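Participant: With the working numbering applied, the sequence shown covers 63 to 344.
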Amino acid sequence: MTPTPARISSFTRDGLVFDIRDEGPIDGVPVVLLHGWPQDARSWDRVAPLLHARGLRTLAPDQRGASPGARPRWRWAYRSTQVDADVVALIERAGLGPVHLVGHDWGAAVAWSVAADRPDLVRTLAAVSVPHPAAFARAMLTSNQIVKSWYMFAFQLPVLPEWLIRTGGRVRRHLLASGMSAEAADRDLEPMRDRARARGGLHWYRAIPFRRPWRVASRVSVPTLHVWSDRDTALGPKGAALSSGYVDGPYRFEVLSGVSHWIPDEAPDQLDALLGEHFRQA
Numbered sequence: 063m064t065p066t067p068a069r070i071s072s073f074t075r076d077g078l079v080f081d082i083r084d085e086g087p088i089d090g091v092p093v094v095l096l097h098g099w100p101q102d103a104r105s106w107d108r109v110a111p112l113l114h115a116r117g118l119r120t121l122a123p124d125q126r127g128a129s130p131g132a133r134p135r136w137r138w139a140y141r142s143t144q145v146d147a148d149v150v151a152l153i154e155r156a157g158l159g160p161v162h163l164v165g166h167d168w169g170a171a172v173a174w175s176v177a178a179d180r181p182d183l184v185r186t187l188a189a190v191s192v193p194h195p196a197a198f199a200r201a202m203l204t205s206n207q208i209v210k211s212w213y214m215f216a217f218q219l220p221v222l223p224e225w226l227i228r229t230g231g232r233v234r235r236h237l238l239a240s241g242m243s244a245e246a247a248d249r250d251l252e253p254m255r256d257r258a259r260a261r262g263g264l265h266w267y268r269a270i271p272f273r274r275p276w277r278v279a280s281r282v283s284v285p286t287l288h289v290w291s292d293r294d295t296a297l298g299p300k301g302a303a304l305s306s307g308y309v310d311g312p313y314r315f316e317v318l319s320g321v322s323h324w325i326p327d328e329a330p331d332q333l334d335a336l337l338g339e340h341f342r343q344a
């Protein structure tokens, strides 16, 4: 008799404790949902129940910087090798075999890397909004993406970005202008009043200089879905168009018309439909 899998509320790696939202049918095929900035696992609240209705189990961690027990002080601790290893540790801790890996924003960047480096742990990859890292780098040099990414440079400043995030007003207006709802902006900015939480989120950007060039160009062999939206103020079409060049396995690219960067919050039904078809085809 096969034992019933246990729920996972947290996992530990390298002395850090990560919180997890483990929901849906306990015996369902696992789907790991990775959030981006400035969000946490709650960014999947409108998508996860739809996946559960498909019989899927979702595991949504609060990633490094978001989990209270995983907020290292120094930006070096947020380099890509570390945040990728966190996700690998989660999948191995779950012990459920390969997972469907879905990421949005920074979560998508991590998902691209994990799928490339550890295809044995990944059934399928779904990258939402953010293109393959190498495609993004090329877009920065060949389009107006560098202008759209102005905030990445601004976040390299010390102290000031934390202060702006914790006071909320100006950052909130920027999020609203990008298409985020007022409800989601309040949800995501409230935890940022904690200085360590704000600093942890910003360190994902501050660790970009430590990214290893050969890792950026890693190729993906698992079935891949890339979802981009045409009202994304942070990410232009160039990187999305170039991403297929870094995928050796089956690849599908979908554009959501009239949708902002915040796809999981704004278009959960459309995203669920695409994910469901993607998982079935794989």
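All C-beta atoms, glycine included, are put in the ideal place defined by N, C-alpha and C. Remember, predicted model here, so these are calculated numbers, not experimental data.
#1: Who are residue 339's beta bridge partners in DSSP?
#2: Quick test of your reading: residue 137 and residue 265, contact by CB under 8 Å. State the CB separation rounded to the nearest angstrom.
#3: Given residue 167, which residues of its chain have a CB within under 8 Å of its CB, disregarding the five upstream and five downstream residues?
#4: For the segment 127-157, which segments carrying the alpha helix (DSSP H) assignment without a break, of at least 4 residues, lie completely within its bounds, in sequence order?
#5: With hydrogens ignored, establish whether the beta-carbon of residue 182 is closer than 7 Å to any heavy atom of the ligand GDP.
#6: Which one of 298, 282, 302 and 315 has the shortest CA to CA distance from residue 182?
#7: Would you mind reading off the limits of the beta strand (DSSP E) that contains residue 81?
#8: Cα separation between residue 272 and residue 175?
#9: Among residues of its own chain, excluding the 5 on either side of residue 95, which ones have a beta-carbon nearer than 6 Å to its beta-carbon?
#10: Nearest to residue 108 by CA position, among 339, 327, 127 and 338, is which residue?
#11: State the Cα-Cα distance for the pair residue 224 and residue 260, rounded to the nearest angstrom.
#12: Classify residue 64 as buried or exposed, calling it buried when 16 or more other Cβ atoms lie within 10 Å of its own Cβ.
#13: Would you call the segment 295-306 and the segment 331-338 touching, i.e. three or more CB-CB distances under 8 Å?
Facilitator: So, to answer that:
#1: Translated into the one-based positions of the sequence shown, residue 339 becomes position 277. Residue 339 is bridged by DSSP to nothing; it lacks a bridge partner.
#2: Along the sequence shown, read from residue 1 onward, the residue named residue 137 stands at position 75. Along the sequence shown, read from residue 1 onward, the residue named residue 265 stands at position 203. Going by Cβ atoms, the distance from residue 137 to residue 265 rounds to 4 Å, so yes, they are a contact pair.
#3: As a position in the sequence shown, residue 167 is number 105, starting the count at 1. Contacts found: 97, 98, 99, 101, 190, 191, 192 and 323.
#4: You should have 142-156.
#5: Absent from the structure shown: the ligand GDP. Ligands present: none.
#6: Against the sequence shown, residue 182 aligns to sequence position 120. Taking the Cα of residue 182 as reference, the smallest distance to any Cα among 298, 282, 302 and 315 is reached at 282.
#7: Within the sequence shown, numbered from 1, the residue matching residue 81 stands at position 19. Boundaries of the beta strand (DSSP E) around residue 81: 78-85.
#8: Looking up residue 272 in the sequence shown gives position 210. Looking up residue 175 in the sequence shown gives position 113. Approximately 15 Å, taken between the alpha carbons.
#9: By 1-based counting over the sequence shown, the position of residue 95 is 33. Contacts found: 106, 120, 122 and 164.
#10: Taking the first residue of the sequence shown as position 1, residue 108 is located at position 46. Out of 339, 327, 127 and 338, 327 has the C-alpha closest to the C-alpha of residue 108.
#11: On the sequence shown, residue 224 is found 162 positions in, with the first residue counted as 1. On the sequence shown, residue 260 is found 198 positions in, with the first residue counted as 1. Between the alpha carbons of residue 224 and residue 260 lies a distance of about 6 Å.
#12: By one-based count along the sequence shown, residue 64 stands at place 2. Any answer about residue 64 is weak, because its pLDDT of 49 lies below 50 and its placement is not dependable; what the coordinates show is given next. Of the residues assessed, residue 64 falls on the exposed side of the cut-off, its CB having fewer than 16 other CB atoms within 10 angstroms.
#13: Touching, no, given that fewer than three Cβ pairs across the two stretches are closer than 8 Å.
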